[in-house]
Structures are given as C-alpha cells and as structure tokens.
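Participant: One structure is given below, represented as structure tokens, and several questions about it will come after.
In full-length UniProt numbering, the protein residues as written are 1 to 165.
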C-alpha cells in the first residue's frame, strides 16, 4: 500500500504545480525511508517528510544557525499537529485544526530554510561549502508543505517560490 501511495501522492504533487520542487525529490526522499512502505494516508507521508526535513536541517545548521533553529523548533509542533490530524473529521470539530493552521506551520518551515538558501546562494565562498546541504533542507521542507496539502486534500493554486515566502 505504501509504495503505491508514494507514487500516487508524488504524481499529484507534480500535477499541482510544485514546479520548482524537482520531480525526483518526492519519490526519492520518501522511498529512502522504510516507513513509507507502511504509509496508509498522505498524513503518514507528511510525518515522514517532517522527519526527513529535521535530519536535513541538522546537517545544514552550521551555516544558518538562527534560521534553522527556528525550523528545528517548529518541526515538533508541526509534527504533533499532523499526527493529530484525522481526515474523517471536519475542520472545527473537536481536536481538529483549521486547514490554515497546518498551512501556516508548513510555511514557517519553508520560510526558515528559504532564508538560509537565499543568503548562501548569494555568498560564493559559503555556497561552495554547503550548497548541497542547504538545498536538501530546502527540498525537504518544501516536500513537507506539499505533503500537508495532499493530506488536507486542499490544493493551493499559487505555490510561491521559496525565496519569496
């Protein structure tokens, strides 16, 4: 079930115009994690994406301590929100958050990694040293945002490029 869900959800993400997120990132990153095979709902994939993002942020933190400290502190909060999500309840039901709350949490993650990416990309000496780690953190937080959208079943029409968040 999990591998089919990864394939379907990643195909949906491509169709939903996450054009600046490279096509291979969704499937390749999710398939790297063995938990994906047991995923039954996009919520499970969103939790896996958050875990992957957390690891990437730790790897890249040395060059963007303030930005990534914000991301690292937000990931457990966002994970708890997603973990508590029940797709059988309506927004506003007891213990169910409004969709905007989930989107805002994902936006916080994207904003922190995008700020670092923007600084690093414009600093040639630093760029040579850490661009791989910074891109990976950016891709993974973007993947979180895409998975949250899939989990909620609400497609945002205009996915802003991360550097302008």
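C-beta atoms are modelled at their ideal positions from N, C-alpha and C, and glycine is treated no differently.
Within this structure, are the beta carbons of residue 133 and residue 60 separated by less than 8 Å?
Facilitator: Locating residue 133 in the chain shown gives position 133, where the first residue counts as 1. Locating residue 60 in the chain shown gives position 60, where the first residue counts as 1. Taking 8 Å as the Cβ cut-off, residue 133 and residue 60 qualify as a contacting pair.
Participant: Among the residues of its own chain, which have a CB less than 6 Å from the CB of residue 21, if the five just before and after it don't count?
Facilitator: Here residue 21 refers to the residue found at position 21 of the chain shown. For residue 21, where only same-chain residues beyond five positions count, the Cβ hits under 6 Å are 142.
Participant: What residue range is occupied by the uninterrupted alpha helix (DSSP H) comprising residue 166?
Facilitator: In this structure the chain extends from 1 to 165, so residue 166 is not present and cannot be described.
Participant: Do three or more CB pairs link the region 118-132 to the region 93-110 at distances below 8 Å?
Facilitator: No contact exists between the region 118-132 and the region 93-110.
Participant: How about residue 80 and residue 148: are their beta carbons less than 8 Å apart?
Facilitator: Counting from one through the chain shown, the residue named residue 80 turns up at place 80. Counting from one through the chain shown, the residue named residue 148 turns up at place 148. Not in contact: residue 80 and residue 148 (Cβ atoms no closer than 8 Å).
Participant: What are the boundary residues of the alpha helix (DSSP H) that includes residue 78?
Facilitator: As a first step, residue 78 is located in the chain shown; it is residue number 78 there, counting from the start. 65-83 is the extent of the alpha helix (DSSP H) around residue 78.
Participant: Smallest Cα separation from residue 39: which of 64, 71, 5, 157?
Facilitator: By one-based count along the chain shown, residue 39 stands at place 39. Ranking 64, 71, 5, 157 by Cα distance to residue 39 puts 5 first.
Participant: With DSSP collapsed to three states, give me the class of residue 22.
Facilitator: For the purposes of this step, residue 22 is taken as the residue at position 22 of the chain shown. It is coil, neither helix nor strand.
Participant: Judging by CA-CA distance, which residue of 86, 157, 67, 87 is the nearest neighbour of residue 110?
Facilitator: Here residue 110 corresponds to residue number 110 of the chain shown, with the count starting at 1. For the residues 86, 157, 67, 87, the minimum Cα distance to residue 110 belongs to 67.
Participant: With respect to the alpha helix (DSSP H) encompassing residue 145, which residues constitute its N-terminal and C-terminal limits?
Facilitator: Taking the first residue of the chain shown as 1, we reach residue 145 at position 145. Where residue 145 is concerned, the enclosing alpha helix (DSSP H) stretches over 124-152.
Participant: Can you look up residue 59 in the DSSP assignment and give me helix, strand or coil?
Facilitator: Translated into the one-based positions of the chain shown, residue 59 becomes position 59. If DSSP states are grouped into helix, strand and coil, residue 59 belongs with the helices.
Participant: Quick one, which of 156, 155, 145, 154 has its alpha-carbon nearest residue 48's?
Facilitator: The count along the chain shown starts at 1 and reaches residue 48 at position 48. With distances taken between Cα atoms, residue 48 lies closest to 145.
Participant: How would you label residue 154, buried or exposed, when you count the other beta carbons within 10 angstroms and need 16 or more for buried?
Facilitator: Here residue 154 refers to the residue found at position 154 of the chain shown. The residue in question, residue 154, is exposed, as its Cβ has fewer than 16 Cβ neighbours within 10 Å.
Participant: In the DSSP assignment, the alpha helix (DSSP H) including residue 155 goes from what residue to what residue?
Facilitator: Here the question's residue 155 lines up with position 155 in the chain shown. Looking at the DSSP string, residue 155 is not in any alpha helix (DSSP H), and its letter there is neither H nor E.
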